[in-house]
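Enquirer: Protein chains in written order, with the working numbering: chain W, 13 to 266; chain C, 3 to 118.
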Ligand SMILES: Nc1nc2c(ncn2[C@@H]2O[C@H](COP(=O)(O)OP(=O)(O)OP(=O)(O)O)[C@@H](O)[C@H]2O)c(=O)[nH]1
Ligand SMILES: [Mg+2]
């Protein structure tokens, strides 16, 4: 920006001869000397580099423990906690040790719901924030993931947009999209769906009552992310759970 | 909603850089973001102004945020050609084959500072 005229540099500048020309808001061309030189300093780096670096440390820690980590992201109420309760029980029955870190703005409600499974659950309260950060995970990681944990689930704050930018150190992001949210979310909020390796279509038990169009929804997911795996699931009637549990078992034998 | 945190993260980086480089006045900051970065440009500008108000002991007040929007890059596995698009596409713009491979789109980078 030019200190003399306050112009923002989007129009033509002649700086070579020490004179500075620009067209003012009134349409006139102004010339004045431009002694105070400014310079451009290249500083190429990710804006969230600090978060990314901490995420890498989290990832290294979890890898060292032999723990595979999934970051579950969805709109509020898409069914993350309900899915996890049933999943933790199934994995427990299969002899696979798990742990959970859950982020909400306030309270321990979701943590208490999941603690009924006997699995260690750590609640992080993010207060006015809308997502978990790598620093928040780092602060609780050692105490939240006992040695021998095979799978760590991180239930992110219910939000379709903000959590996506913050790498937590997970191996995979999993997007949940519930049938009552309609078919168009992947096109309207593509960030999450392009970042997710797996998209879980949840609450399939009520899909027909809603008139939810499965083909359209899957096409929209694929347009956003052709590589995504898609599983249909219901935490109410258990449909699709075998494929989901197989997916998890397969991921820890890789 | 997370734009404020992104603005603060930018300011921390700039503050560190100024500390190591004689604390010059920063007139503008150029960032680039992909269409899939999940950052709203208007919210970002608003958050930037709010965050700059008191940052670096008032030295960042009136510092402009310049945003370059990056298109999404694709590579078609069918015809092998690359192309750029301002929106998500489900078919190659050249040969029409379904689901070209997306490359990037989620960038969120600091590019440069204009300093006095
Ligand atoms: N019909 C049906 N309802 C479900 C299913 N899964 C969850 N629900 C209901 O959806 C509501 C929200 O479920 P939660 O599991 O709390 O959703 P969440 O994603 O954890 O919510 P937040 O943590 O607040 O973002 C509850 O009333 C659940 O009983 C399902 O598969 N079918
Ligand atoms: Mg929940």
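Note that beta-carbon positions come from the ideal geometry of N, C-alpha and C, so glycine has one too.
Is it true that the CB of residue 133 (chain W) sits closer than 8 Å to the CB of residue 169 (chain W)?
Expert: Cβ atoms of residue 169 (chain W) and residue 133 (chain W): not closer than 8 Å.
Enquirer: At a threshold of 7 Å, does residue 62 (chain W) count as lining ligand 2 (C-beta to nearest heavy atom)?
Expert: No, the Cβ of residue 62 (chain W) stays beyond 7 Å of every heavy atom of ligand 2.
Enquirer: State the Cα-Cα distance for the pair residue 226 (chain W) and residue 195 (chain W), rounded to the nearest angstrom.
Expert: Rounded to the nearest angstrom, the two C-alpha atoms are 8 Å apart.
Enquirer: By Cβ distance, which residues of its chain are closer than 7 Å to residue 35 (chain C), with the 5 residues on each side in sequence left out?
Expert: Correct list, in chain order: 41, 69, 71, 72, 109 and 110.
Enquirer: DSSP beta-bridge partners for residue 54 (chain W)?
Expert: Answer by DSSP bridge pairing, in chain order: C:114.
Enquirer: For the alpha helix (DSSP H) that residue 196 (chain W) lies in, which residues bound it at each end?
Expert: No alpha helix (DSSP H) contains residue 196 (chain W), which DSSP labels as neither H nor E.
Enquirer: Quick check on the DSSP output: the beta strand (DSSP E) that includes residue 115 (chain W) runs from which residue to which?
Expert: Its beta strand (DSSP E) spans residues 110-116.
Enquirer: Under 8 Å, do residue 197 (chain W) and residue 189 (chain W) count as touching if we go by C-beta distance?
Expert: Their beta carbons are under 8 Å apart, which means residue 197 (chain W) touches residue 189 (chain W) by this criterion.
Enquirer: Mind listing the chain W neighbours of residue 33 (chain C)? Cutoff is C-beta to C-beta under 9 Å, in chain order.
Expert: Residues of chain W passing the Cβ test: 59.
Enquirer: Mind listing the chain W neighbours of residue 76 (chain C)? Cutoff is C-beta to C-beta under 7 Å, in chain order.
Expert: Within 7 Å Cβ-Cβ: nothing; residue 76 (chain C) doesn't reach chain W, min ~11 Å.
Enquirer: Quick one: what's residue 76 (chain C) bridged to in DSSP?
Expert: In the DSSP output, where bridge partners are listed per residue, residue 76 (chain C) has C:85 and C:104.
Enquirer: Taking Cβ to Cβ, would you say residue 219 (chain W) is nearer than 8 Å to residue 191 (chain W)?
Expert: The answer is yes: Cβ separation under 8 Å.
Enquirer: Going along the chain, which residues of the segment 148-179 of chain W sit with their C-beta nearer than 7 Å to a C-beta in chain C?
Expert: Cβ contacts with chain C come from 173, 174, 176 and 177.
Enquirer: If we define contact as Cβ-Cβ less than 8 Å, is residue 234 (chain W) a contact residue for chain C?
Expert: With 8 Å as the cut-off, residue 234 (chain W) counts as an interface residue toward chain C.
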